[in-house]
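Since the structure comes first, as structure tokens, the remarks are kept for the end.
In our numbering, the protein residues as written are 2 to 468.
Below, the structure written as structure tokens:
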């Protein structure tokens with residue numbers, strides 16, 4: 002039986018069997034000494050696997066049992082606190098206290114992990130860390146100084162969420178206005194608008210024409226909808242997003258602000274103070290005139306709830322939104338159809354580019370079982386990838402998964418072209434600094450001065466010299 006099929010077949014009983022056989026060690030417990038009560042483990046090669054997100058427990062436990070049966074080995078997962086995660090791995094490694102042979106970590110921690118010996122160059126015997134299996138962003142995320150030092154597992158990025166019902170209504174309004182010579186026809190039936198007859202067939206065809214181009218490709222398209230849409234009762238605005246969080250703002254400047262190059266590991270490859278970045282920020286600054294949002298009160302949860310409540314036409318969301326919307330539909334709280342599309346360009350000339358974070362499987366450089374740890378990491382990211390979203394709500398970085406899910410494929414397309422968070426320890430505070438810059442720009446501060454100030458600060462951090 003193929004490994005992926007075997008994974009699904011044993012999943013239902015694997016966790017129960019493991020709990021009985023291992024006495025809870027599958028989760029967090031450990032024996033009081035190396036000699037008791039699990040002496041029988043010595044008969045098989047054993048690796049420890051650490052992770053910090055409880056939503057991954059079912060997925061990892063099932064994978065551990067399935068892989069163990071296939072390979073005749075033991076994989077012991079351990080859920081640990083996310084706080085001081087690498088430090089805990091380091092302490093366990095030094096104490097030889099069931100330290101992880103492999104573990105899940107955010108890709109931006111890979112430089113720190115590699116330089117401390119807690120991550121090593123992968124062996125990739127299965128030959129999966131290539132463009133046939135993962136997009137450029139995923140491969141960049143696991144690259145450090147020309148080496149692959151982890152396997153991509155799942156990612157987070159942003160995309161544009163829209164209300165299909167409202168766009169259909171906007172298309173109908175726009176078609177009618179065009180046929181009537183852009184008159185004011187709010188609330189007027191098509192067949193009798195100030196005595197002007199409208200051909201229903203022509204109106205339907207024109208509505209379809211507008212609807213075919215309703216999903217915005219640029220911010221100007223969204224502004225056009227804002228100018229021309231007579232909002233239905235209860236709709237508070239066209240576009241609302243969490244302007245306080247850099248993750249939902251970064252797309253504005255992502256194509257033009259460079260920190261560390263593609264892999265985010267090169268101090269020599271930094272470009273912040275450039276005309277395109279300034280132009281993008283000027284557009285962002287102007288958006289506050291059209292979509293006034295209180296940056297000190299808005300949150301991601303609040304804007305998603307506003308979208309569910311039908312109060313906005315568009316918002317910017319991350320990969321978790323698909324499950325949240327489907328849960329709301331199942332509970333009767335979502336009464337419309339929605340869609341997800343790539344982030345719009347800033348303008349016809351200025352491209353957008355989202356930020357991404359990839360959670361990866363790294364191999365402990367001090368492990369005595371690197372070969373087995375590499376095989377399990379490859380198994381998680383390749384053989385088990387089809388089950389990741391269904392069990393965790395997280396989207397696999399693997400290109401071969403979720404191919405029939407059009408909504409998830411939008412996020413995967415956005416991820417493929419995204420900018421991975423840099424790994425450089427010298428710029429670990431860059432995103433907080435950039436978030437502060439966006440906040441000031443949104444509230445009307447001078448773009449040029451802020452960009453120059455940020456560029457000089459990052460130059461000091463990476464080179465020790467003013468830019």
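Ideal Cβ positions, reconstructed from N, Cα and C, are used throughout, including at glycine.
Status (buried if at least 16 other CB within 10 Å, exposed otherwise) for residue i
| i | result |
| --- | --- |
| residue 380 | buried |
| residue 298 | exposed |
| residue 269 | exposed |
| residue 456 | buried |
| residue 250 | buried |
| residue 208 | buried |
| residue 203 | exposed |
| residue 68 | buried |
| residue 337 | exposed |
| residue 401 | exposed |
| residue 27 | Here residue 27 scores only 34 on pLDDT, less than 50, and its place in the model should not be relied on; the value that follows carries that caveat. Flag for residue 27 reads buried. |
| residue 229 | exposed |
| residue 84 | exposed |
| residue 38 | Summary for residue 38: the model assigns pLDDT 44, below 50, so the residue's position carries little reliability; its value from the coordinates is reported in the next sentence. So residue 38 ends up on the exposed side. |
| residue 276 | exposed |
| residue 82 | exposed |
| residue 378 | buried |
| residue 365 | buried |
| residue 266 | buried |
| residue 461 | exposed |
| residue 185 | In this prediction, residue 185 scores a pLDDT of 47, lower than 50, which makes its location untrustworthy; no coordinate-derived value is stated. |
| residue 303 | exposed |
Short Cβ contact (9 Å threshold) for residue i with residue j
| i | j | result |
| --- | --- | --- |
| residue 288 | residue 452 | no |
| residue 347 | residue 219 | yes |
| residue 117 | residue 422 | no |
| residue 342 | residue 161 | yes |
| residue 142 | residue 418 | no |
| residue 135 | residue 399 | yes |
| residue 48 | residue 66 | no |
| residue 1 | residue 436 | Given a span of 2 to 468 for the chain in the structure shown, any question on residue 1 remains unanswerable. |
| residue 339 | residue 165 | yes |
| residue 1 | residue 199 | The question about residue 1 has no answer here: the residues shown for the chain are numbered 2 through 468. |
| residue 301 | residue 243 | yes |
| residue 233 | residue 179 | no |
| residue 440 | residue 296 | yes |
| residue 210 | residue 173 | no |
| residue 316 | residue 157 | no |
| residue 363 | residue 104 | yes |
| residue 393 | residue 153 | no |
| residue 64 | residue 111 | no |
Span of the beta strand (DSSP E), counted from its first residue to its last, around residue i
| i | result |
| --- | --- |
| residue 68 | Taken as a continuous stretch (DSSP letters only), residue 68 belongs to no beta strand (DSSP E), being part of the alpha helix (DSSP H) at 58 to 72. |
| residue 79 | 75 to 80 |
| residue 155 | 152 to 157 |
| residue 48 | 47 to 52 |
| residue 364 | 356 to 364 |
| residue 107 | 103 to 107 |
CA nearest to the CA of residue i, picked from the options
| i | options | result |
| --- | --- | --- |
| residue 416 | 378, 374, 54, 354 | 354 |
| residue 318 | 399, 241, 367 | 241 |
| residue 438 | 410, 253, 156 | 253 |
| residue 76 | 92, 102, 428 | 102 |
| residue 238 | 260, 292, 259 | 292 |
| residue 472 | 428, 119, 333, 130 | No information on residue 472 is available, as it lies outside the stretch 2 to 468 that the chain covers here. |
| residue 120 | 361, 82, 202, 432 | 361 |
| residue 139 | 350, 330, 87, 264 | 264 |
| residue 280 | 256, 211, 302 | 256 |
| residue 492 | 382, 425, 401 | Residue 492 lies beyond the stretch modelled for the chain, which goes from 2 to 468, so this question has no answer here. |
| residue 344 | 413, 325, 296, 278 | 413 |
| residue 79 | 446, 151, 100 | 100 |
| residue 474 | 411, 276, 260 | Shown here, the chain extends from 2 to 468; a query on residue 474 therefore has no answer. |
| residue 273 | 86, 405, 450 | 450 |
| residue 245 | 294, 176, 369, 389 | 294 |
| residue 311 | 235, 122, 408, 391 | 235 |
| residue 305 | 335, 290, 369 | 335 |
Span of the alpha helix (DSSP H), counted from its first residue to its last, around residue i
| i | result |
| --- | --- |
| residue 461 | 448 to 464 |
| residue 180 | 165 to 180 |
| residue 94 | 86 to 96 |
| residue 393 | 386 to 393 |
| residue 376 | 371 to 379 |
| residue 411 | 407 to 417 |
| residue 289 | 276 to 291 |
| residue 436 | 431 to 443 |
| residue 211 | 201 to 213 |
| residue 141 | 137 to 142 |
| residue 114 | 111 to 116 |
Closer than 8 Å: residue i CB and nearest the ligand NAD heavy atom
| i | result |
| --- | --- |
| residue 68 | Looking for the ligand NAD in the displayed structure turns up nothing, as the structure carries no ligands at all. |
Practice task
Run through the stretch 300 to 338 for me and flag every whole beta strand (DSSP E) of 3 or more residues, listed as ranges in chain order.
Solution key: 313 to 319
Practice task
Let me know the beta strand (DSSP E) ranges lying completely inside the stretch 225 to 254, each 3 residues or longer, listed in chain order.
Solution key: 238 to 240
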